[in-house]
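Asks:
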Amino acid sequence: MSGGGLLVAGTTSDAGKSVVTAGICRWLVRRGVKVAPFKGQNMSLNSFVTREGAEIGRAQAMQAQAARVEPTALMNPVLLKPGSDRSSQVVLMGRPVGELSARGYHGGRQRALFEPVMACLEELRGTYDAVICEGAGSPAEINLRRTDIVNMGIARAARLPVLVVGDIDRGGVFAQFFGTTALLAPEDQELIAGYLVNKFRGDVSLLEPGLEMLHGLTGRRTLGVLPYAHGLGIDEEDGLRVSLRGTVRESVVAPPVGEDVLRVAVCAVPLMSNFTDVDALAAEPGVIVRFVDRPEELADADLVIVPGTRGTVRALEWLRERGLAGALARRAAEGRPVLGICGGFQVLGEHIDDEVESRAGAVPGLGLLPVRVRFAAEKTLARPSGEALGQPVEGYEIHHGVAEVLGGEPFLDGCRVGEVWGTHWHGSLESDGFRRAFLRAVAAASGRRFVPAPDTSFAALREAQLDRLGDLIEEHADTDALLRLIEGGAPSGLPFIPPGAPDFPGAPAAGTPGAAQ
2 MSGGGLLVAG
12 TTSDAGKSVV
22 TAGICRWLVR
32 RGVKVAPFKG
42 QNMSLNSFVT
52 REGAEIGRAQ
62 AMQAQAARVE
72 PTALMNPVLL
82 KPGSDRSSQV
92 VLMGRPVGEL
102 SARGYHGGRQ
112 RALFEPVMAC
122 LEELRGTYDA
132 VICEGAGSPA
142 EINLRRTDIV
152 NMGIARAARL
162 PVLVVGDIDR
172 GGVFAQFFGT
182 TALLAPEDQE
192 LIAGYLVNKF
202 RGDVSLLEPG
212 LEMLHGLTGR
222 RTLGVLPYAH
232 GLGIDEEDGL
242 RVSLRGTVRE
252 SVVAPPVGED
262 VLRVAVCAVP
272 LMSNFTDVDA
282 LAAEPGVIVR
292 FVDRPEELAD
302 ADLVIVPGTR
312 GTVRALEWLR
322 ERGLAGALAR
332 RAAEGRPVLG
342 ICGGFQVLGE
352 HIDDEVESRA
362 GAVPGLGLLP
372 VRVRFAAEKT
382 LARPSGEALG
392 QPVEGYEIHH
402 GVAEVLGGEP
412 FLDGCRVGEV
422 WGTHWHGSLE
432 SDGFRRAFLR
442 AVAAASGRRF
452 VPAPDTSFAA
462 LREAQLDRLG
472 DLIEEHADTD
482 ALLRLIEGGA
492 PSGLPFIPPG
502 APDFPGAPAA
512 GTPGAAQ
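Each number in this note's numbering comes from the position in the sequence shown (counting from 1) with 1 added on.
#1: Assign residue 231 to buried or exposed, taking buried as 16 or more other Cβ atoms, counted over all protein chains shown, within 10 Å of its Cβ.
#2: Measuring CA to CA, which of 408, 27, 10 and 391 is closest to residue 1?
#3: If you compare alpha carbons, which of 338, 415 and 324 is closest to residue 301?
#4: Could you have a look at residue 319 and say whether DSSP puts it in helix, strand or coil?
#5: Ignoring anything shorter than 3 residues or poking outside the stretch 316 to 364, list the beta strand (DSSP E) runs there in chain order.
#6: Taking residue 415 as the reference, give the member of 342, 481 and 394 with the closest Cα.
#7: Taking Cβ to Cβ, would you say residue 287 is nearer than 8 Å to residue 420?
#8: Roughly how many whole angstroms lie between the Cα atoms of residue 471 and residue 460?
#9: Just checking my contact of residue 8 with residue 156 at CB under 8 Å: how many whole Å lie between their CB atoms?
#10: If you run the structure through DSSP and keep just helix, strand and coil, what is residue 48?
#11: By Cβ distance, which residues of its chain are closer than 7 Å to residue 71, with the 5 residues on each side in sequence left out?
#12: Got a sec, what are the start and stop residues for the alpha helix (DSSP H) residue 445 sits in?
#13: May I ask you to verify whether the stretch 278 to 285 touches the stretch 316 to 336, counting CB pairs closer than 8 Å and requiring at least 3?
#14: Do you know how far the Cα of residue 229 is from the Cα of residue 216?
#15: For the candidate residues 20, 183 and 406, whose alpha-carbon lies nearest to that of residue 496?
#16: In its own chain, which residues sit with a C-beta less than 8 Å from the C-beta of residue 477, not counting the 5 before and 5 after it?
#17: Buried or exposed, going by whether 16 or more other CB atoms sit within 10 Å of the CB of residue 206?
#18: Indicate whether the contact test is met: 3 or more Cβ pairs, each with one atom in the stretch 424 to 442 and one in the stretch 136 to 152, closer than 8 Å.
#19: One question on the structure: do residue 272 and residue 305 come within less than 8 Å of each other, judged by their Cβ atoms?
#20: If you follow the beta strand (DSSP E) that residue 228 is in, where does it begin and where does it stop?
#21: Alpha carbons only, please: which of 96, 13 and 20 is nearest the one belonging to residue 54?
#22: Of all the alpha helix (DSSP H) runs that stay within the bounds of the stretch 172 to 232, which reach a length of 4 or more residues?
#23: Answer with buried or exposed for residue 321, where buried requires no fewer than 16 other C-beta atoms within 10 angstroms of its C-beta.
#24: Output the distance between the C-alpha atoms of residue 240 and residue 394, rounded to the nearest integer angstrom.
#25: From 208, 400, 122 and 468, pick the residue whose C-alpha is nearest to that of residue 197; which is it?
#26: Around the Cβ of residue 128, are there at least 16 other Cβ atoms within 10 angstroms (buried) or fewer (exposed)?
#27: Closest by CA to residue 255, which one among 29, 163, 402 and 289?
#28: Kindly indicate which residue of 426, 364, 345 and 361 has the alpha-carbon position closest to the one of residue 381.
#29: Can you tell me whether residue 500 is buried or exposed, with buried defined as 16 or more other CB within 10 angstroms of its CB?
#30: In the DSSP assignment, the alpha helix (DSSP H) including residue 117 goes from what residue to what residue?
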């Protein structure tokens with residue numbers, strides 16, 4: 002296999018594109034195929050820093066791990082980080098290049114990014130045996146098709162076969178498959194090579210008549226029916242519900258080692274980023290994690306976490322409006338543990354000077370840590386390592402705020418005062434020894450007879466989950482058909498499903514390999 006590829010599209014957002022892409026990557030690499038993931042444009046607040054210091058979507062970092070390769074900026078050349086309902090920071094090749102409104106982005110800027118996106122894809126295809134691309138949202142967003150750089154835009158330019166994934170757990174999957182296909186221009190429909198049903202519960206034989214009828218209506222086969230799998234806990238795109246539905250709510254872990262459990266409350270701040278920081282805690286036997294937005298929900302918590310956010314000043318205002326700021330201050334005065342991560346660390350400080358993110362200027366913080374924060378135009382992107390609580394720690398940093406620590410006990414790059422801890426480091430809790438030491442400190446401060454499990458390995462748990470994704474593809478998909486698509490492209494002669502959508506001037510002609518928009 003040389004330079005093969007596949008685009009995994011979805012009938013909707015959160016249809017399962019990220020996990021299916023990861024599953025295909027893990028299945029292929031176990032077959033000895035050198036494979037890489039790719040997503041031309043990602044919109045997410047859940048991001049990661051590569052070893053070369055580039056910021057990419059966390060889902061692509063997870064898919065790279067599934068493929069057993071080091072993640073790079075090539076795998077996600079454009080990342081959009083929402084700062085409001087109307088604007089996002091644009092990250093190109095791992096570095097921020099400015100803020101744009103949705104109208105400004107789709108009105109012209111997105112089309113200008115097509116060439117660098119295609120260059121990244123072609124570089125990956127020249128390096129790997131196969132590149133498994135993930136689409137975004139639905140490929141049938143006809144209002145956005147002209148400037149598309151992540152779905153049919155790259156599929157047509159690179160002549161990639163497209164596998165459309167539908168979430169049957171939501172209902173209406175047959176209409177979604179048919180409607181998605183029928184809303185595409187004839188030239189795009191030529192690349193829709195098959196469907197994949199995701200999250201099916203029950204007897205597959207009951208579904209088969211519908212699959213046969215769908216084949217008769219579209220001329221395209223369904224290449225697999227993946228069962229609903231609980232507790233995958235895999236980093237997807239964005240949205241609190243993803244994290245809650247994954248590791249935090251559905252993971253099956255062993256009972257507590259000690260006599261008590263630890264209850265962790267995570268403040269559900271606006272524009273929450275990297276909420277996967279708490280997944281390693283949720284994987285610990287006896288640790289109960291929940292997201293909260295009311296002060297009374299902090300009352301029985303042994304640890305409160307203020308997580309990262311793309312809007313530090315907005316999160317600070319939200320904490321005050323909701324009464325959570327007062328609850329955090331009372332916890333600090335009572336010596337009850339609070340952990341601030343990145344933006345959450347910043348709001349715990351004394352003062353914030355922000356002329357970059359919110360442009361709010363000077364704003365008083367919660368005053369729980371002796372820290373002053375100034376927002377810089379240049380974003381800090383780093384992969385630090387060090388030691389805390391006598392244990393080695395690794396993490397990653399993604400922030401505009403520069404913290405001046407004026408006192409307290411050093412803690413990673415931040416500080417600790419009493420039982421209030423703050424750091425810019427995301428991912429630190431994935432370091433097993435440090436996580437256990439931190440939980441022991443929390444248990445001692447809370448008076449809980451909690452004992453961390455001595456052998457929980459977050460990396461091993463993540464590997465096991467990625468293997469489960471590979472198993473789902475291997476056991477429930479038509480892998481021979483997938484290989485044919487990846488190696489040979491979409492089959493010829495696929496029927497057109499009316500009414501279709503009109504094509505647009507400047508689109509690549511059908512059957513023109515490598516054509517660009």
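All C-beta atoms, glycine included, are put in the ideal place defined by N, C-alpha and C.
Replies: Taking the coordinates as given:
#1: Numbered from 1 along the sequence shown, position 230 holds the residue referred to as residue 231. So residue 231 counts as exposed.
#2: One cannot answer for residue 1 here, as it falls past the ends of the chain, which runs 2 to 518.
#3: Within the sequence shown, residue 301 is the residue found at index 300, counting from 1. For residue 301, the nearest C-alpha among the options comes from 338.
#4: Counted from its first residue, the sequence shown places residue 319 at position 318. Reduced to three states, the DSSP call for residue 319 is helix.
#5: 339 to 342 and 352 to 355
#6: Locating residue 415 in the sequence shown gives position 414, counting from the first residue. The residue with the shortest Cα to Cα distance from residue 415 is 342.
#7: Mapped onto the sequence shown, residue 287 falls at position 286. Mapped onto the sequence shown, residue 420 falls at position 419. No, the pair does not count as a contact, with Cβ atoms beyond the cut-off.
#8: Along the sequence shown, read from residue 1 onward, the residue named residue 471 stands at position 470. Along the sequence shown, read from residue 1 onward, the residue named residue 460 stands at position 459. Distance between the alpha carbons of residue 471 and residue 460: 17 Å.
#9: Here residue 8 is taken as the residue at index 7 of the sequence shown, counted from 1. Here residue 156 is taken as the residue at index 155 of the sequence shown, counted from 1. With a Cβ gap of about 5 Å, residue 8 and residue 156 count as contacting.
#10: Position 47 of the sequence shown, counted from the first residue, corresponds to residue 48. Here residue 48 sits in strand by DSSP.
#11: Residue numbering aside, residue 71 sits at position 70 when the sequence shown is read from its first letter. Here the set comprises 52 and 65.
#12: Here residue 445 refers to the residue found at position 444 when the sequence shown is read from its first residue. It spans 433 to 447 - the alpha helix (DSSP H) in which residue 445 sits, taken as one unbroken run.
#13: no
#14: The residue you call residue 216 lines up with position 215 of the sequence shown. The residue you call residue 229 lines up with position 228 of the sequence shown. Distance between the alpha carbons of residue 216 and residue 229 is about 23 Å.
#15: As a first step, residue 496 must be located in the sequence shown, where it is residue number 495. Residue 496 has its Cα closest to that of 183, out of 20, 183 and 406.
#16: For the purposes of this step, residue 477 is identified with residue 476 of the sequence shown, where counting begins at 1. Counting only Cβ-Cβ distances below 8 Å, and skipping sequence neighbours, we find 225, 226, 227 and 228.
#17: Working through the sequence shown from its first residue, we reach residue 206 at position 205. Exposed, since its Cβ has fewer than 16 Cβ neighbours within 10 Å.
#18: no
#19: Indexing the sequence shown from 1 puts residue 272 at position 271. Indexing the sequence shown from 1 puts residue 305 at position 304. No, Cβ-Cβ distance for residue 272 and residue 305 is not below 8 Å.
#20: Stepping through the sequence shown from its first residue, residue 228 is reached at position 227. Unbroken beta strand (DSSP E) run through residue 228: 223 to 228.
#21: For the purposes of this step, residue 54 is identified with residue 53 of the sequence shown, where counting begins at 1. Out of 96, 13 and 20, 96 has the C-alpha closest to the C-alpha of residue 54.
#22: 174 to 183, 187 to 190 and 209 to 219
#23: The sequence position of residue 321 within the sequence shown is 320, counting from 1. Result: exposed.
#24: Translated into the one-based positions of the sequence shown, residue 240 becomes position 239. Translated into the one-based positions of the sequence shown, residue 394 becomes position 393. Caution is warranted here: a pLDDT of 41 is assigned to residue 240, below 50, making its placement in the model unreliable, and the coordinate value is therefore given only provisionally. Their backbone Cα atoms lie some 27 Å apart in a straight line.
#25: Here residue 197 refers to the residue found at position 196 of the sequence shown. Among 208, 400, 122 and 468, the Cα nearest to that of residue 197 is on 208.
#26: Along the sequence shown, one-based indexing puts residue 128 at 127. Classification of residue 128: exposed, given that the 10 Å Cβ count is below 16.
#27: One-based indexing of the sequence shown puts residue 255 at position 254. When only C-alpha atoms are compared, the closest one is 289.
#28: For the purposes of this step, residue 381 is taken as the residue at position 380 of the sequence shown. Comparing Cα positions, the closest option is 426.
#29: For the purposes of this step, residue 500 is taken as residue 499 along the sequence shown, with counting starting at 1. That one is exposed.
#30: Working through the sequence shown from its first residue, we reach residue 117 at position 116. Run containing residue 117: 115 to 128, per the alpha helix (DSSP H) assignment.
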